[in-house]
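Have a look at the structure below before the remarks.
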Amino acid sequence: MSAETQASIVSARLRVLRAATGDGIAMSFAPLTHRSMVLVELATADGRVGFGESWTNYPAWATTERVATLREGVLPLVLGQDSRRITELQRRLVAALEPVGRQWGAPGPIMQAISAVDIALWDLHGRTAGQAISSLVGGRVRDESPVYASSLGPKGVAQQGKRCVNDGHTAVKVKLGFDRERDERILAEAREAIGPDIELYADANQAWSVDEAARMAPVLAAFDVAWLEEPVRGNRLDELEELHRRTGMMIATGENVYGREEFRRYAASPAIAILQPDIAKTGGFTEALAICQLADAYRKPVLPHLYGGAVAFAATLQLAACAPAVQGVEYDIRDNPLRDPLLIDAPRPRRGRIPLPTGSGLGIDLDPSAVLKRTEPEDPSEEELSA
1 MSAETQASIV SARLRVLRAA TGDGIAMSFA PLTHRSMVLV ELATADGRVG FGESWTNYPA
61 WATTERVATL REGVLPLVLG QDSRRITELQ RRLVAALEPV GRQWGAPGPI MQAISAVDIA
121 LWDLHGRTAG QAISSLVGGR VRDESPVYAS SLGPKGVAQQ GKRCVNDGHT AVKVKLGFDR
181 ERDERILAEA REAIGPDIEL YADANQAWSV DEAARMAPVL AAFDVAWLEE PVRGNRLDEL
241 EELHRRTGMM IATGENVYGR EEFRRYAASP AIAILQPDIA KTGGFTEALA ICQLADAYRK
301 PVLPHLYGGA VAFAATLQLA ACAPAVQGVE YDIRDNPLRD PLLIDAPRPR RGRIPLPTGS
361 GLGIDLDPSA VLKRTEPEDP SEEELSA
């Protein structure tokens, strides 16, 4: 059997994983009642397997759409292909499907589906080479990364903040975008709980108009908020630039921006202080790495958005290990049965830093029994697709 034949993708399996959130996470636009993800498993002719994840937090029916998009649109273009030609495959997928997404009015779901396949291809490549992904793309630049604790609020902010202090976190992020009184209370409780020396960030989840965000600027300054994420629509650069002109605030965005060419406009804008690509949304490891290289060129720091499951977590840590532009990693402190419980020896932060795994592929192994436990029962998506 030739090397090309051995590396050909002969089958793919999709699994829908879901788990209720024990603490119910409120957002400005809709509550997050369940964690979910679509897990993609690609197998080659020589029996190797790689895993990828597609982000499906919203809407509640996202997993149904994502399975259909992967089964009908993405995987037929992947099966039978040489798994080693990752960059070429990713380019072909984007070229073939991005116009479909544009016509559909849903470029996000297309790129989120491609993300899972791309991550799985990189995992396969690393496992075949016996090296971590980060070692295959120019080498590792760090063995640990700063982290910030995210998703505090809107309830239990004081308790969550004190827990972050006790756990050694050096930076935390609160959720805003509710009403003015509630937002001010969240900021006050957070600052009191963490004290003056821990950095405080905020995420409005696109809740405000430019005028509303501008009116919040003095409040944010009063509580020494270092930067604000998505104060207005994250994919409206004109609104973000207007807000920056009016307030001078440090703005972070990127979780709802797709692909390197779109990110180029944000990297070039003086209004955007921090870029936040999500590896399970923006096009996978290939696209996220290209965005980090773009950020380097524009001297912009990258703090990847990370609010998904185990594979997105592992892939983001590999990105942090090899991309100089990455200045830290988001670490969700809320209940997430689809992250650490699915991993064997999940890395955990200590004193505001997290170790970056060195194992082959994603660097960390999934626990098969834990994955099976969280897989939706009798899900037709579990049926294996073959080349």
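The sequence shown begins at 1 in full-length UniProt numbering and counts up one residue at a time. Glycine is no exception: its CB is placed at the ideal position from the N, C-alpha and C atoms. Since this is a predicted model, take the numbers as computed values, not measurements.
Mapping DSSP to helix, strand and coil, what is Gly359?
-> coil
Does the distance from the C-beta atom of Pro341 to that of Ala387 stay below 8 Å?
-> no
Quick one: give me the first and last residue of the alpha helix (DSSP H) that Leu136 is part of.
-> 133-136
For Ala315 and Gly139, the rounded distance between their alpha carbons | 15 Å
Compare the C-alpha of Thr128 against each of Gly195, Asp143, Val137, Gly47 and name the closest.
-> Gly47
Please work out which residues of its chain come closer than 8 Å, Cβ to Cβ, to Asp224, disregarding the five sequence neighbours upstream and downstream, and give them in chain order.
-> Arg191, Pro196, Leu200
Would you mind listing the beta strand (DSSP E) stretches within the stretch 132-176 that are 3+ residues and don't spill past its ends, in chain order?
-> 144-152, 171-175
Continuous beta strand (DSSP E) stretch holding His34: start and end | 32-44
Alpha carbon to alpha carbon, what distance is there between Lys173 and Leu356?
-> 22 Å
Can you check DSSP and say which residues form a bridge with Val326?
-> Val302
Out of Leu240, Glu181, Asn205, Ile251, state which residue places its alpha-carbon closest to the alpha-carbon of Val219.
-> Glu181
Using three-state DSSP, classify Glu181 as helix, strand or coil.
-> helix
Sheet register partners of Tyr201 (DSSP bridge) | Lys173
Is the stretch 140-152 close to the stretch 74-85, with three or more CB pairs under 8 Å?
-> no
Expected contact under 8 Å - CB spacing of Val210 and Val232 to nearest Å | 6 Å
Please say whether Gly161 and Ile194 have beta carbons closer to each other than 8 Å?
-> yes
Cα-Cα separation, Val10 to Asp296 = 37 Å
Compare the Cα-Cα distances from Glu98 to each of Glu88, Met111, Ile86 and report the closest residue.
-> Met111
Phe51 - partner residues in DSSP beta bridges | Glu41
What does a CB cutoff of less than 7 Å around Gln131 pick up in its chain, not counting 5 residues either side in sequence?
-> Ser360
Beta-carbon proximity of residue 463 to Glu189, cut-off 8 Å = Residue 463 lies beyond the stretch modelled for the chain, which goes from 1 to 387, so this question has no answer here.
Where does Trp104 sit, in a helix, a strand or coil, going by DSSP?
-> helix
Per DSSP, Tyr331 forms a beta bridge with which residues?
-> Ala149
Spatial distance of Ile119 from Thr44 (CA atoms) = 15 Å
Should Ser115 go down as buried or exposed, given a rule of 16 or more other Cβ atoms within 10 Å for buried?
-> buried
Considering only the beta carbon of each residue, do Leu14 and Val38 sit closer than 8 Å?
-> yes
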